[in-house]
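Residue numbers (my numbering), protein chains in the order written: chain L, 256 to 368; chain R, 1071 to 1186.
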């Protein structure tokens, strides 16, 4: 069965420093992987997705993620954190042809001034 | 991307009552889904809303508790029946596709439900 594990429940960074959110996946075949962001009291927004094209995926707001099959990882990074990046981030795996999604537990990002 | 709206945005209900949540998409989409996000938790898929047929429910969710309708390609409803405080959650609908995008799910803003 496909699943994702987010390795950090909470990440705290200073504004202007890099952000790293870690995600490992488990899949019996080449997965579709996504990162979504949820700002307080707002809906989910797609940051980026991997669907077996380029392994380095660029998303919105300066985020990018690298698919590493050998490590079964799909970590999300941003070179320089902004205060507006404070939110909940979900790593998500597609469950196959029926397009269902399985969400990780989420990582809460706080950004210190 | 598809733009998705939900009504109501939030509600406070008494136990034993039912609430119907509406989900409207601005374009025809191939698939629609309903999720639950319990307080402080991640999202859990409730069911796939099938157009013109009965919804497909995930393990732990049943039609009597969460009846779903999808009368056309842009609209779906989820009813939370005979509510208890444990049903207090955010309920989100999502849509797959829209404007030719068949591999990305877009989410509505959610309905925040509190059951007293």
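Positions of the beta carbon are idealized from the N, C-alpha and C atoms, including for glycine. No experiment lies behind these values; they were computed from the predicted model shown.
Give, in chain order, every residue of the stretch 335–352 of chain L whose Cβ lies closer than 7 Å to some Cβ of chain R. 345
Pull up the CB-CB distance for residue 1161 (chain R) and residue 1106 (chain R), whole angstroms please, since I reckon it's below 8 Å. Here residue 1161 (chain R) is taken as the residue at index 91 of the second chain, counted from 1. Here residue 1106 (chain R) is taken as the residue at index 36 of the second chain, counted from 1. Right, their Cβ atoms sit about 6 Å apart.
Contact defined as beta carbons within less than 8 Å: I believe residue 1093 (chain R) pairs with residue 1136 (chain R). What is the distance between those atoms, to the nearest angstrom? Within the second chain, the letter at position 23 stands for residue 1093 (chain R). Within the second chain, the letter at position 66 stands for residue 1136 (chain R). Their Cβ separation, rounded to whole angstroms, is 13 Å, which puts residue 1093 (chain R) and residue 1136 (chain R) out of contact at 8 Å.
Backbone CA spacing between residue 1095 (chain R) and residue 305 (chain L) [nearest angstrom]: For this step, residue 1095 (chain R) is matched to residue 25 along the second chain. For this step, residue 305 (chain L) is matched to residue 50 along the first chain. Rounded to whole angstroms, residue 1095 (chain R) to residue 305 (chain L) spans 24 Å at the Cα level.
Kindly list the residues whose CB is nearer than 7 Å to the CB of residue 300 (chain L), restricted to its own chain and excluding five residues on each side of it in sequence; keep chain order. As a working mapping, residue 300 (chain L) is identified with position 45 in the first chain. Result list for residue 300 (chain L): 291, 292, in chain order.
Once the 5 residues before and after residue 274 (chain L) are set aside, which same chain residues still bring their CB inside 6 Å of it? Here the question's residue 274 (chain L) lines up with position 19 in the first chain. Result list for residue 274 (chain L): 268, 333, 336, in chain order.
Would you be able to state if there are at least three C-beta pairs under 8 Å between the stretch 1073–1081 of chain R and the stretch 1178–1185 of chain R? yes
Starting from residue 370 (chain L), trace the beta strand (DSSP E) in both directions and tell me its first and last residue. As displayed, chain L neither begins before 256 nor continues past 368, which places residue 370 (chain L) out of reach and without an answer.
Interface residues of chain R around residue 356 (chain L) at Cβ under 9 Å? Within the first chain, numbered from 1, the residue matching residue 356 (chain L) stands at position 101. The contacting residues are 1103, 1105, 1113, 1115, 1164, 1175.
Checking 8 Å against the spacing of the C-beta atoms, do residue 279 (chain L) and residue 328 (chain L) come in under that value? Reading the first chain from its first residue, position 24 is the one you call residue 279 (chain L). Reading the first chain from its first residue, position 73 is the one you call residue 328 (chain L). Yes, Cβ-Cβ distance for residue 279 (chain L) and residue 328 (chain L) is below 8 Å.
Cα-Cα separation, residue 319 (chain L) to residue 276 (chain L): On the first chain, position 64 is the one that residue 319 (chain L) refers to. On the first chain, position 21 is the one that residue 276 (chain L) refers to. Straight-line Cα distance between these residues: approximately 11 Å.
Rounded C-beta distance between residue 257 (chain L) and residue 282 (chain L)? I'm assuming under 8 Å. The residue given as residue 257 (chain L) occupies position 2 in the first chain. The residue given as residue 282 (chain L) occupies position 27 in the first chain. Correct: roughly 5 Å between the Cβ atoms.
In the DSSP assignment, the beta strand (DSSP E) including residue 1091 (chain R) goes from what residue to what residue? Looking up residue 1091 (chain R) in the second chain gives position 21. Start and end: 1089–1095.
Can you give me the C-alpha to C-alpha distance between residue 343 (chain L) and residue 1121 (chain R), rounded to a whole angstrom? Within the first chain, residue 343 (chain L) is the residue found at index 88, counting from 1. Within the second chain, residue 1121 (chain R) is the residue found at index 51, counting from 1. Spanning the two alpha carbons is a distance of roughly 32 Å.
Amino acids of chain R, ordered along the chain, whose beta-carbon sits closer than 8 Å to that of residue 262 (chain L): Locating residue 262 (chain L) in the first chain gives position 7, where the first residue counts as 1. Chain R residues near residue 262 (chain L): none, gap ~14 Å exceeds 8 Å.
Any beta carbon from chain R within less than 8 Å of residue 361 (chain L)'s own beta carbon? Residue mapping note: residue 361 (chain L) aligns to position 106 of the first chain, counting from 1. Judged by the 8 Å Cβ criterion, residue 361 (chain L) is in contact with chain R.
Is residue 298 (chain L) close to chain R, meaning its C-beta is less than 8 Å from at least one C-beta of that chain? The sequence position of residue 298 (chain L) within the first chain is 43, counting from 1. Yes, because at least one Cβ of chain R sits closer than 8 Å to the Cβ of residue 298 (chain L).
In its own chain, which residues sit with a C-beta less than 7 Å from the C-beta of residue 361 (chain L), not counting the 5 before and 5 after it? Here residue 361 (chain L) refers to the residue found at position 106 when the first chain is read from its first residue. Excluding sequence neighbours, residue 361 (chain L) sits near 261, 343, 344, 345.
Taking Cβ-Cβ distances below 9 Å as the criterion, which residues of the stretch 294–327 of chain L are in contact with chain R? 296, 297, 298, 299, 300, 301, 304, 306
Beta-carbon gap between residue 1152 (chain R) and residue 1088 (chain R) smaller than 8 Å: Numbered from its first residue, the second chain carries residue 1152 (chain R) at position 82. Numbered from its first residue, the second chain carries residue 1088 (chain R) at position 18. Going by C-beta atoms, residue 1152 (chain R) is nearer than 8 Å to residue 1088 (chain R).
Pop quiz: residue 1104 (chain R) and residue 1143 (chain R) are said to be a contact at Cβ under 8 Å. What is the actual Cβ separation, rounded to whole angstroms? Position 34 of the second chain, counted from the start, is the residue given in the question as residue 1104 (chain R). Position 73 of the second chain, counted from the start, is the residue given in the question as residue 1143 (chain R). Not quite, the Cβ-Cβ distance comes to about 16 Å (not below 8 Å), so this is no contact.
For residue 1141 (chain R), which option in R:1119, R:1186, R:1165, R:1108 has the closest C-alpha, if you only look at C-alpha atoms? Within the second chain, numbered from 1, the residue matching residue 1141 (chain R) stands at position 71. Nearest of R:1119, R:1186, R:1165, R:1108 to residue 1141 (chain R), Cα basis: R:1119.
Cα-Cα separation between residue 1101 (chain R) and residue 1165 (chain R), rounded to whole angstroms: Here the question's residue 1101 (chain R) lines up with position 31 in the second chain. Here the question's residue 1165 (chain R) lines up with position 95 in the second chain. Spanning the two alpha carbons is a distance of roughly 6 Å.
Given residue 1158 (chain R) as reference, the closest of R:1111, R:1127, R:1134 once Cα atoms are compared: The sequence position of residue 1158 (chain R) within the second chain is 88, counting from 1. Nearest option by C-alpha distance: R:1111.
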